[in-house]
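Working notes, beginning with the structure itself.
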Amino acid sequence: MAQTAPMEDQAARLALREDLARFDCRIAQPDDPPLFTRSPNSASQTTLWRWKDLEPLLERLGEQLTLDAGGQRRTLRLQNPGLPFGTTTTFWGSIQVILPGEIAGAHRHTANAFRFILKGSGATTTVNGERYTMNEGDLVLTPGMTWHDHEYHGETPMIWLDVLDISLMRSMHATFFEPGEKIQQEVSAVPDASWRKWGSGLMSPPGQAPRTADNPLLVYPHEVAQAALQAAAGLPPDPFDDVVLEYRNPLTGGPAMRTMGMRLQTLRPGMRGRARRHTGSKLYYVVRGEGATIVEGRTYEWSTGDFLTIQPWAWHEHLNRSSTGEATLFQVNDFPAMSVLGYYFEEERAEAAS
Ligand code: 1HN
54 MAQTAPMEDQ AARLALREDL ARFDCRIAQP DDPPLFTRSP NSASQTTLWR
104 WKDLEPLLER LGEQLTLDAG GQRRTLRLQN PGLPFGTTTT FWGSIQVILP
154 GEIAGAHRHT ANAFRFILKG SGATTTVNGE RYTMNEGDLV LTPGMTWHDH
204 EYHGETPMIW LDVLDISLMR SMHATFFEPG EKIQQEVSAV PDASWRKWGS
254 GLMSPPGQAP RTADNPLLVY PHEVAQAALQ AAAGLPPDPF DDVVLEYRNP
304 LTGGPAMRTM GMRLQTLRPG MRGRARRHTG SKLYYVVRGE GATIVEGRTY
354 EWSTGDFLTI QPWAWHEHLN RSSTGEATLF QVNDFPAMSV LGYYFEEERA
404 EAAS
């Protein structure tokens with residue numbers, strides 16, 4: 054509009070600007086940035102964080118920062134260089150360091166959160182009174198407004214990935230945060246209660262299923278996820294992701310969290326995935342192995358411990374060039390939130406004729 058509007062219209066618009074502002078109104082102005090772009094034009098940037106850079110930083114955090122009992126956490130945030138805050142447009146990924154003998158005190162907030170355990174084992178987290186032990190490769194959920202506190206009595210520092218939908222929550226102006234009255238919650242008699250009821254995914258106690266929008270299952274143990282992935286390797290490969298599984302809500306079959314989707318995938322030796330782009334954002338953590346992701350023509354080589362976020366609507370494809378080694382990736386995305394709002398779109402690149 055700015056280019057084609059006649060001079061008189063531009064002048065009229067400028068002249069109206071101040072008069073309208075007095076009444077808290079406005080009209081489109083020639084110098085406004087484009088409101089509707091033809092396709093998503095995100096300031097978020099595709100970013101690779103390498104474990105070889107993160108590891109010494111995490112060691113420094115462990116040595117130099119104290120964990121006070123007031124509910125603060127010791128976390129290294131993966132900061133997208135294109136955004137004021139956060140790892141992607143909707144969520145924050147942070148790596149939490151907890152040392153032997155430490156307690157991260159109880160609190161609750163509107164942001165939905167989960168932990169994926171990167172290194173170590175034996176820390177416990179208590180979610181609404183239910184205690185869970187967290188071991189490497191486990192996924193543990195703290196849906197919005199559930200109380201949670203963590204405790205650790207191991208030998209060496211333990212670290213995990215925390216993901217919270219903070220930027221989504223903040224864009225909706227829905228921030229609530231409440232510190233616990235006590236540092237730790239009372240623990241109910243039955244540990245792992247949600248797992249005992251819902252963990253098989255096949256059978257659960259008879260009677261009325263809970264009427265809750267949140268997933269009743271709070272933990273997805275490493276061994277179970279690995280076994281499922283191994284079984285899925287016998288299925289025809291996914292053309293984009295090879296062997297890929299979504300962590301699901303056993304009650305509904307939907308995604309494990311209301312706003313965020315989590316997946317685990319294996320890229321087998323020689324795999325070359327097809328390219329696709331989608332709205333929404335995602336973050337990968339390389340559980341093991343090495344490979345590469347080509348994003349908009351640029352190759353990001355990754356290996357064990359690295360993190361990669363891909364900006365919305367960027368073409369990307371994965372490859373594993375090794376002839377022997379498998380690569381395993383953990384993924385978090387915001388597709389459940391995008392889908393429920395009607396904002397999820399994806400496009401596959403047409404196969405080149407060969
Ligand atoms: C939080 O509450 C936790 O509860 C972890 O462990 C990471 C990052 C930003 C804001 C709050 C936790 C967090 C966080």
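If you want my numbering, it's the 1-based position in the sequence shown plus 53.
By construction, the Cβ of each residue, glycine as well, lies at the ideal position given by its N, Cα and C atoms.
Given residue i, which residues of its chain have a CB within under 8 angstroms of its CB, disregarding the five upstream and five downstream residues?
| i | result |
| --- | --- |
| Gly395 | none |
| Glu189 | Ile170, Leu171, Lys172, Gly173, Ser174, His275 |
| Gly233 | Gly124, Gly158, Ala159, His160, Arg161, Trp200, Asp202 |
| Ser376 | Pro322, Gly323 |
| Glu61 | none |
| Met198 | Arg161, His162, Thr163, Phe229 |
Enumerate in chain order the residues of its own chain whose CB-to-CB distance from residue i is below 6 angstroms, with the five nearest sequence positions on each side excluded.
| i | result |
| --- | --- |
| Tyr337 | Leu361, Leu382, Gln384 |
| Trp368 | Ala328, Arg330, Glu349 |
| Glu285 | Rather than Glu, the amino acid found at residue 285 in this sequence is Ala. Around Ala285: Val296, Leu298. |
| Trp104 | Gly358, Asp359 |
| Glu231 | Arg161 |
Can residue i be considered in contact with the ligand 1HN, in the sense that its beta carbon sits closer than 6 angstroms to one or more heavy atoms?
| i | result |
| --- | --- |
| Ser220 | no |
| Ser147 | yes |
| Thr128 | yes |
| Gly215 | Reading off the sequence shown, one finds Asp at residue 215, where the question assumed Gly. True, at least one ligand heavy atom lies under 6 angstroms from that Cβ. |
What separation, rounded to the nearest whole angstrom, lies between the Cα atoms of residue i and residue j?
| i | j | result |
| --- | --- | --- |
| Arg249 | Val340 | 27 angstroms |
| Leu111 | Thr119 | 13 angstroms |
| Val277 | Val240 | 25 angstroms |
| Asp85 | Arg223 | 24 angstroms |
| Gln63 | Leu88 | 17 angstroms |
| Glu370 | Ser95 | 19 angstroms |
| Arg374 | Leu304 | 39 angstroms |
| Asp291 | Phe398 | 19 angstroms |
| Gly252 | His201 | 20 angstroms |
| Gly358 | Ala345 | 14 angstroms |
| Glu293 | Gly378 | The sequence as given places Phe at residue 293; Glu does not occur at that position. Phe293 and Gly378: Cα-Cα distance of roughly 18 angstroms. |
| Met54 | Arg130 | The predicted model places Met54 with a pLDDT of 47, which falls under 50 and marks its position as unreliable, so this point remains unresolved. |
| Gln318 | Ala281 | 11 angstroms |
| Asn133 | Thr100 | 7 angstroms |
| Cys78 | Arg126 | 43 angstroms |
| Met256 | Asp387 | 29 angstroms |
| Leu73 | Pro83 | 16 angstroms |
| Ala380 | Gln279 | 13 angstroms |
| Gly20 | Gly207 | No statement about residue 20 is possible, as the shown extent of the chain runs from 54 to 407 and does not include it. |
| Gln283 | Asp191 | 16 angstroms |
| Ala68 | Arg75 | 13 angstroms |
| Trp39 | Gly287 | What is shown of the chain runs 54 to 407, which leaves residue 39 out entirely. |
Taking the Cβ atom as the reference point for each residue, do residue i and residue j lie within a distance shorter than 7 angstroms?
| i | j | result |
| --- | --- | --- |
| Ala246 | Met211 | no |
| Trp213 | Leu271 | no |
| Arg327 | Pro244 | no |
| Ser220 | Gly350 | no |
| Glu404 | Arg329 | no |
| Thr178 | Gln238 | no |
| Thr265 | Asn165 | no |
| Pro365 | Ser392 | no |
| Ile156 | Glu204 | yes |
| Thr142 | Ala227 | no |
| Asp267 | Pro196 | yes |
| Gly314 | Pro389 | yes |
| Leu316 | Leu372 | In the sequence as presented, Leu is not what sits at residue 316; that position holds Arg. Contact: no. |
| Pro93 | Thr332 | yes |
| Leu218 | Phe167 | Looking at the sequence shown, residue 218 is not Leu but Asp. No, these two residues do not count as a Cβ contact at 7 angstroms. |
Leaving out five residues before and five after residue i in sequence, what residues of the same chain have Cβ atoms less than 7 angstroms from its Cβ?
| i | result |
| --- | --- |
| Phe135 | Note that residue 135 corresponds to Gly in the displayed sequence, not to Phe. Ala96, Ser97, Gln98, listed in sequence order. |
| Pro258 | Lys250 |
| Thr128 | Ser147, Ile148, Gln149, Asp215 |
| Phe229 | His162, Thr163 |
| Thr186 | Gly175, Thr177 |
| Trp102 | Leu131, Asp359, Phe360 |
Does at least one heavy atom of the ligand ATP sit under 6 angstroms from the Cβ of residue i?
| i | result |
| --- | --- |
| Thr319 | Absence of the ligand ATP is noted for the structure shown, with the ligand 1HN being the only ligands found. |
Any C-beta of chain B sitting closer than 7 angstroms to the C-beta of residue i?
| i | result |
| --- | --- |
| Tyr353 | As a matter of chain content, chain B is missing from the structure shown, which is built from one protein chain. |
Enumerated in chain order, which unbroken segments of the alpha helix (DSSP H) with a length of 4 residues or greater are wholly contained in the stretch 188 to 237?
Listed in chain order, they are 219 to 224.
Quick check for students: name the residue ranges of the beta strand (DSSP E) that lie wholly in the stretch 283 to 359, counting only runs of 3 or more.
As summarised for the stretch 283 to 359, the continuous beta strand (DSSP E) elements at least 3 residues long and confined to that stretch are 296 to 299, 314 to 320, 329 to 331, 335 to 341, 343 to 348, 351 to 356, given in chain order.
Curious, which full-length alpha helix (DSSP H) runs of at least 4 residues does the stretch 258 to 283 contain?
Within the stretch 258 to 283, no alpha helix (DSSP H) run of at least 4 residues lies entirely inside it.
Whole alpha helix (DSSP H) elements within the stretch 86 to 159, 4-residue minimum
Restricted to the stretch 86 to 159, the alpha helix (DSSP H) segments that are unbroken, complete and at least 4 residues in length are 104 to 117, listed in chain order.
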